[in-house]
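Protein chains in written order, with the working numbering: chain A, 1 to 112; chain B, 1001 to 1118. Here a beta-carbon is modelled for each residue, glycine too, at the ideal position from N, C-alpha and C. All remarks here apply to the structure that follows.
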Amino acid sequence: DTAVSQTPKYLVTQMGNDKSIKCEQNLGHDTMYWYKQDSKKFLKIMFSYNNKELIINETVPNRFSPKSPDKAHLNLHINSLELGDSAVYFCASRGQNNYGYTFGSGTRLTVV
Amino acid sequence: AQKITQTQPGMFVQEKEAVTLDCTYDTSDPSYGLFWYKQPSSGEMIFLIYQGSYDQQNATEGRYSLNFQKARKSANLVISASQLGDSAMYFCAILPKDRGSTLGRLYFGRGTQLTVWP
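In structure tokens, the structure reads:
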């Protein structure tokens, strides 16, 4: 009964590969997010979807593409992975009348 | 523009003592929310406490309290009776509301690593 679940938890891959991270929430929230936590632990927003509509698209390389098939899912696809993409990626969701976020447990991506 | 500053990269406290983690913020939005999150070594982000900018009273949640001083733009987290399990990274974050709550973008500070020793 996990509220926001991300898969996989760990992902090790070679440079140049394409990979996806999946996120699902069962809270009935309207808005979902992707955050990136770098090696210095700094968290920064990447994307946000509200009811399947992209509402935040930060300055990230266009190798990163979010996809939201429905409001309970927000996946992150990364093309042509680079060493600098190594980080922890967090999915989160937020309800319309709830200013608080619920975070997933994170996906540690390591590009070798 | 939004900015969160956490000036203490690391803090140490003895078990059962209280500790204050500093957070100052800068925002041009008159309405905003302030959050504290805990990130233990296992990596998950755990919500601790929330303070709205128009809330008259300081927020409290169990052993956590938020010392909100609006004029000083500070939102310090106070942890009372520290426990070994409190050792973690703590993040302060701001959520501006002025453009409506739809965007809901959180801006984080760089965190404070708290170590509780026996």
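What residue does the beta strand (DSSP E) around residue i start on, and which one ends it?
i         : result
A:Val111  : 107–111
B:Thr1007 : Premise fails: B:Thr1007 is in no beta strand (DSSP E) and is neither H nor E.
A:Tyr101  : Where A:Tyr101 is concerned, there is no enclosing beta strand (DSSP E), given that its DSSP letter is neither H nor E.
A:Glu53   : 53–57
B:Pro1096 : 1088–1096
A:Asp18   : It is not in any beta strand (DSSP E) - A:Asp18 carries neither H nor E in the DSSP assignment.
A:Val43   : Here the sequence assigns Leu to residue 43 of chain A, which means Val is not the residue at that position. Here the beta strand (DSSP E) through A:Leu43 covers 43–50.
Note down, in chain order, every chain B residue with its Cβ under 7 Å from the Cβ of residue i.
i       : result
A:Phe47 : In chain order: nothing, as chain B lies at least about 11 Å away.
A:Ile78 : What A:Ile78 touches in chain B: nothing, since even the nearest Cβ is about 19 Å away.
Quick one: list the residues of chain B neighbouring residue i, beta-carbon separation under 9 Å, in chain order.
i        : result
A:Ser105 : Ser1042, Gly1043, Glu1044, Met1045
A:Leu109 : Going along chain B, no residue has its Cβ under 9 Å from A:Leu109, so there is no contact; the nearest lies around 13 Å.
Going by DSSP in three states, residue i sits in which element: helix, strand or coil?
i         : result
A:Leu74   : strand
B:Leu1066 : strand
B:Leu1121 : Nothing can be reported for residue 1121 of chain B: it is not among the residues displayed for chain B, which extend from 1001 to 1118.
B:Asp1022 : coil
A:Gly95   : coil
A:Gly84   : helix
Would you report the Cα separation of residue i and residue j, rounded to the nearest angstrom?
i         : j         : result
B:Ser1065 : B:Gln1002 : 23 Å
A:Lys41   : B:Arg1110 : 7 Å
A:Val60   : B:Ile1046 : 26 Å
Could you work out which residues of chain A lie near residue i, taking near to mean beta carbons separated by less than 8 Å?
i         : result
B:Gly1104 : Thr31, Tyr33, Ser48, Arg94, Tyr99, Tyr101
B:Phe1108 : Phe42, Leu43, Lys44
Note down, in chain order, every chain A residue with its Cβ under 7 Å from the Cβ of residue i.
i         : result
B:Gly1111 : Lys41
B:Phe1012 : Result: empty, since nearest Cβ-Cβ is about 18 Å, beyond 7 Å.
Anything in chain B within Cβ reach of residue i, meaning under 8 Å, just list it in chain order.
i       : result
A:Phe90 : Met1045
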